[in-house]
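Here it is as structure tokens:
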């Protein structure tokens, strides 16, 4: 769940704006005068003003294709979303395309907008969202469904694709949740399945060209349906093959992202160092859906970090991926960057660490500044039996060695991620979580000098298992809410040391996530009915209203407990069967069966091909910067290199030019606190202020 903001939820259900079914194109007239009168009344008005460094120029002038990219959550959350950063960069490089951004306002602004009849607007030029030709919305997680309806309603765009008139924007979606598009298909004109870099450019180019030829909406949708990886609900196809970016290293890194005025969820410069994961955790949709593994080279990554930090003024770079420490050249990358920034306070963070890879070398290579943050590991299960069931392929000894290396290397804070409700889980497995956490804490205490033991911090975060489409556990049910509550109570009473901080996900929200994750088209009706009863911001703990979902389910004759908890037969037709993710169903069935025999399967990048099916396409294969099998020896060699040698080897790279961060910080503070309601700030010319929070895992 997202950290909740400091404000009370409005308990009344706000009146919905009524979209015009025969929607004609909104005039591209700026809404700034109306908006400026509302800004002094809301929290963080800079969420809504635009004008950031590196944003596209704002203009109300019409272009051949006007595109709005929308993240269905707060600016604070979506402003640094890496997928949106990449797609925004793609769109603004295309000739004849003008791109802007929009985010869902917070509840205080939504109430004011409804009260003052102000429709949702774009960030750059502050024109109505309904005046754009195409709106691209990302689907980041299952709980974003009601937010999507909220933003469509605020924009006065009909919720259902079949109700939109000829001049209405094309509403297109993509993202992780699109792999089971059926719960959302009625709300979108089209959905893009898979990696977005190539298909998004093809969609924009096609729509731009057809609109210039005067082609109508129906014909455009027919043409979109012919593009590989595009699903148009009104033009069904028997199979939609996921799009895959074959060569990640050959695709440029965005080094000039828009710089938000507020601190965002990932407030740092991020480089995707690899895409895909072959570890094969059986609950993990990201690991199954992003295969094969494609790495960027060390030189590409180092140059991108240097360029990005120079252009943004950040003092932290995140080496982002599903498992950053799995990169075949990770030690070399960290060493080279540490050498480059040895005389500065720049921090290189690895958002996601593997227990069996992180050891004394990586602990030593991380900078002292970074070690002030929190190191994160994900054992997922407390017992080895259950780790074998989920194919985690890490041992208790891996955790103890990683914790010992980290705390001996200077770390003082660590977070452990576990999951409750996994298939075959027993009470003994729950109690084992507490035992393993206590052992990790004792190990950390022993690894530090006695005088520093009071500084040792360990936190425990427990997610709830959610069966996901296209995974071996897609046939498994989720335990009931009462049972999950019982297991949480059992964990809390299992003797956790007092200095271990325990947090857990809300089982009620996780149940809704499970229902949507495995749902078909009827679940789209559930999402809409829940929204009409006041559901929105369901991923925010204080905004989540379970009653809205239960009332909606009752009205539709649905049983949420049964939908989330149903164990499906292996030959049952699934709503997402027509989506070809690349991983074959035979492989998923085999992994499901191996799980219940507690049999593991090794990472194919370290052994031999696992025959999952992804690499059957002639152009798709695993692309590693070097062999992962000799990584351990290579890492040991790198550990002996001095920082001086590393700096000498990097001398040919561009010099670092960190800008004056305080000027930008002062401007942001002025905008937020001394803002003149009738004026909007001009685009900033100073770099982003330095931040030092440690990155969270990407999962």
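In the numbering used here, the protein residues as written are 16 to 714.
Idealized CB from N, CA, C, for every residue including glycine.
No experiment lies behind these values; they were computed from the predicted model shown.
Assignment of beta-bridge partners to residue 113 by DSSP yields 81. Rounded to whole angstroms, the Cβ separation of residue 620 and residue 293 is 5 Å, and the two are in contact under 8 Å. CA-to-CA, the gap between residue 465 and residue 612 works out to about 45 Å. With a beta-carbon spacing of about 6 Å, residue 209 and residue 259 fall inside the 8 Å limit used to define contacts. When the Cα atoms are used, residue 592 and residue 534 turn out to be separated by approximately 12 Å.
Put simply, the segment 70 to 87 touches the segment 106 to 125. At least three CB pairs are less than 8 Å apart.
A straight line joining the alpha-carbon of residue 124 with that of residue 300 spans about 34 Å. Counting only unbroken stretches of 4 or more residues, the alpha helix (DSSP H) elements lying wholly within the segment 482 to 527 are 496 to 507, in sequence order. Boundaries of the beta strand (DSSP E) harbouring residue 435: 428 to 435, taken from the DSSP string. Residue 510 sits exposed, since fewer than 16 C-beta atoms from the chains shown fall within 10 Å of its C-beta. Counting other Cβ atoms within 10 Å of its Cβ, residue 645 stays below 16 and is therefore classed as exposed.
Residue 152: member of the beta strand (DSSP E) spanning 149 to 153, first to last residue.
Separation of residue 231 and residue 638 (C-alpha to C-alpha, rounded to the nearest whole angstrom) is 42 Å. Runs of the beta strand (DSSP E) lying entirely within the segment 283 to 361, each at least 3 residues long, are 284 to 287 and 331 to 335 in chain order. Less than 8 Å separates the beta-carbon of residue 204 from that of residue 236.
By the Cβ rule, the segment 215 to 225 counts as touching the segment 94 to 113, because three or more pairs are nearer than 8 Å. The C-alpha of residue 555 lies about 30 Å from the C-alpha of residue 248. Apart from sequence neighbours up to five positions away, the residues of its chain that approach residue 93 with a beta-carbon distance below 7 Å are 86, 99 and 118, ordered along the chain.
The beta strand (DSSP E) runs lying completely inside the segment 431 to 468 and spanning 3 residues or more number zero.
Around residue 107, the same chain offers 71 and 114 as residues with beta carbons nearer than 6 Å, after the five sequence neighbours per side are excluded. Fully enclosed beta strand (DSSP E) runs of no fewer than 3 residues are not present anywhere in the segment 592 to 627. Within the same chain, Cβ atoms closer than 8 Å to the Cβ of residue 470 are found at 427 and 463, the five residues on either side in sequence being excluded. Here DSSP, grouped into helix, strand and coil, assigns residue 393 to strand.
Membership of residue 176 in any beta strand (DSSP E) is not indicated, and neither H nor E is assigned to it by DSSP. Only residues of its own chain outside the window of five on either side were considered, and among them 571 have a CB closer than 7 Å to the CB of residue 540, listed in chain order.
Cβ contact annotation for residue 189 (same chain, cutoff 6 Å, sequence separation greater than five): 207 and 211, in chain order.
By the Cβ-count criterion, residue 91 is buried, with 16 or more other Cβ atoms from all chains shown falling within 10 Å of its own Cβ. Boundaries of the beta strand (DSSP E) around residue 186: 185 to 189. If you draw a 10 Å sphere on the C-beta of residue 506, you find 16 or more other C-beta atoms in it, and that means buried.
The Cβ atoms of residue 151 and residue 102 sit closer than 8 Å to each other. Residue 479 sits in a strand when the DSSP states are folded into three classes. For residue 193, there is no enclosing beta strand (DSSP E), as DSSP marks it with neither H nor E. Residue 233 counts as exposed, since fewer than 16 other beta carbons sit within 10 angstroms of its beta carbon. By the 16-neighbour rule on beta-carbons within 10 angstroms, residue 622 is exposed. Relative to residue 352, the option among 240, 364 and 193 whose CA is nearest is 364. A contact between stretches requires three or more CB pairs, one per stretch, nearer than 8 Å, and the segment 603 to 617 fails this requirement with the segment 518 to 526.
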